[in-house]
Amino acid sequence: MYSGERLGTLYVVATPIGNLEDITLRALNVLKDVDIIACEDTRQTKKLLTHYGIGGKKLVPYHEHNEEQQSEKLLSFLVEGKSIALVSDSGTPCISDPGYRLVKKAREAGIKVVPIPGASAVIAALSASGFPTDAFTFFGFLPKKEGQLRRKLEEIFGYPHTVVCYESPHRLKRTLEIIAEMDSEREIGIFKEITKINELFLKGTAGQLLEELEKRGAFKGEFVILFPPKKEKESDFDVEGMLEELKEGGFSMKEAVKKVRELTNLPKREVYAKALKIFRGDNN
Numbered sequence: 013m014y015s016g017e018r019l020g021t022l023y024v025v026a027t028p029i030g031n032l033e034d035i036t037l038r039a040l041n042v043l044k045d046v047d048i049i050a051c052e053d054t055r056q057t058k059k060l061l062t063h064y065g066i067g068g069k070k071l072v073p074y075h076e077h078n079e080e081q082q083s084e085k086l087l088s089f090l091v092e093g094k095s096i097a098l099v100s101d102s103g104t105p106c107i108s109d110p111g112y113r114l115v116k117k118a119r120e121a122g123i124k125v126v127p128i129p130g131a132s133a134v135i136a137a138l139s140a141s142g143f144p145t146d147a148f149t150f151f152g153f154l155p156k157k158e159g160q161l162r163r164k165l166e167e168i169f170g171y172p173h174t175v176v177c178y179e180s181p182h183r184l185k186r187t188l189e190i191i192a193e194m195d196s197e198r199e200i201g202i203f204k205e206i207t208k209i210n211e212l213f214l215k216g217t218a219g220q221l222l223e224e225l226e227k228r229g230a231f232k233g234e235f236v237i238l239f240p241p242k243k244e245k246e247s248d249f250d251v252e253g254m255l256e257e258l259k260e261g262g263f264s265m266k267e268a269v270k271k272v273r274e275l276t277n278l279p280k281r282e283v284y285a286k287a288l289k290i291f292r293g294d295n296n
């Protein structure tokens, strides 16, 4: 922890994931004002800076292969009072991208870390998927090894909410084949090249998506896979009929719900919702 010194500020700046217009005014102002820009690929960052007429900036490469060494170097600049913008090639830094080590070290040193929010493929995909978003899990890139991938997919299949993952184009086909083999009826969604010219969203079983991607020749690009929660199968029990009979037999709503649950082992909320209609005429 450094104290009594004029410390710099670390800005975590989100950049476009495709369309260069998807950057905030605040992000552009920060990029213009900072002393140093730490970037995953200096060539990619230069394209963005050139597009917006931002020049004369010191660019420091910061990626997964030099994170440990460069984070110490960048920390020394921050201690000297210099301001740094941390950016990745696209989207929000530290989200399946380098940056975690530098942010951690900066905070431990008492240096101010300021998020400059913006584009994120995870949030963009969720927002436009039509899948439930009240709760979700993000797993980053799926495992490369088949055994680990199968175990991860088994885990994902059991989640009661939407799961979001990234997958590389050269592994996408095999991943879909494995999903189709493990659960041929499960619906999933695929977002390709979000915000770019060839943006595409497809929804269906893994087998259906494989056929569609083959037909379009669309296995190139950046992909987000979304797994919505599995739909619960319709109950084989005539719950409403059972509740009607119990009501006619003099049971209270509470007693009827308890009795039906004992007979069917169905979730309380499901039985209770049906009981409200039968006992109180609640059609909402």
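In our numbering, the protein residues as written are 13 to 296.
Quick reminder that beta carbons are idealized off the backbone N, C-alpha and C, glycines included.
Spatial neighbours of residue i in its chain, beta-carbon cut-off 6 Å, leaving aside the 5 residues before and after
i	result
V175	T149, I168, F239
A131	A26, P28, I29, D34, G103
G20	L90, G93, K94, S95
I191	A218
Which listed residue (the options) has its alpha carbon closest to that of residue i
i	options	result
C177	E224, R162, F151	F151
L138	K215, L87, E166, P73	K215
A287	K164, E252, N78, E33	E252
G159	K242, T27, M194, G68	M194
C106	V269, G170, T36, E76	E76
G219	N210, L212, G201, E211	G201
L184	N277, K204, H173, E256	K204
K121	R18, T36, R162	Looking at the sequence provided, one finds Ala at residue 121 rather than Lys. For the residues R18, T36, R162, the minimum Cα distance to A121 belongs to R18.
R281	R186, R292, F291, V269	V269
H173	E92, F143, V272, L188	F143
L225	P181, I135, K124	P181
Continuous beta strand (DSSP E) stretch holding residue i: start and end
i	result
F203	199-204
L22	21-25
Buried versus exposed call for residue i [16 or more other C-beta atoms within 10 Å across all chains shown]
i	result
A147	exposed
N296	Confidence is the limiting factor: at N296 the pLDDT is only 48, short of 50, which leaves the residue's position unreliable and the question unanswerable from this model.
T104	buried
S196	exposed
F235	buried
V99	buried
Extent of the continuous alpha helix (DSSP H) to which residue i belongs
i	result
Y112	112-120
E80	79-91
Y284	280-292
A97	No alpha helix (DSSP H) contains A97, which is instead part of the beta strand (DSSP E) from 96-99.
K298	A query on residue 298 cannot be resolved here, the shown segment of the chain reaching from 13 to 296 and no further.
I191	181-194
Contact set for residue i: own chain, Cβ-Cβ below 8 Å, skip 5 residues either direction
i	result
N31	T207, K208
E267	L258
G16	With a pLDDT of 49 at G16, under the threshold of 50, the modelled position of this residue cannot be trusted, and the question is left open.
Nonlocal neighbours in the same chain, by C-beta distance under 7 Å from residue i, ignoring five residues either side
i	result
L255	A268, V272, K286, A287, I290
(request) Return the chain-ordered ranges of every beta strand (DSSP E) run that is complete within the stretch 225-254 and spans a minimum of 3 residues. (result) 235-239
(request) Starting from the N-terminal side, write out each stretch of the alpha helix (DSSP H) that is 4 residues or longer and does not extend beyond the stretch 31-67. (result) 37-45, 54-63
(message) At 3 residues or longer, what runs of the beta strand (DSSP E) sit wholly inside the stretch 146-174?
(response) 148-153
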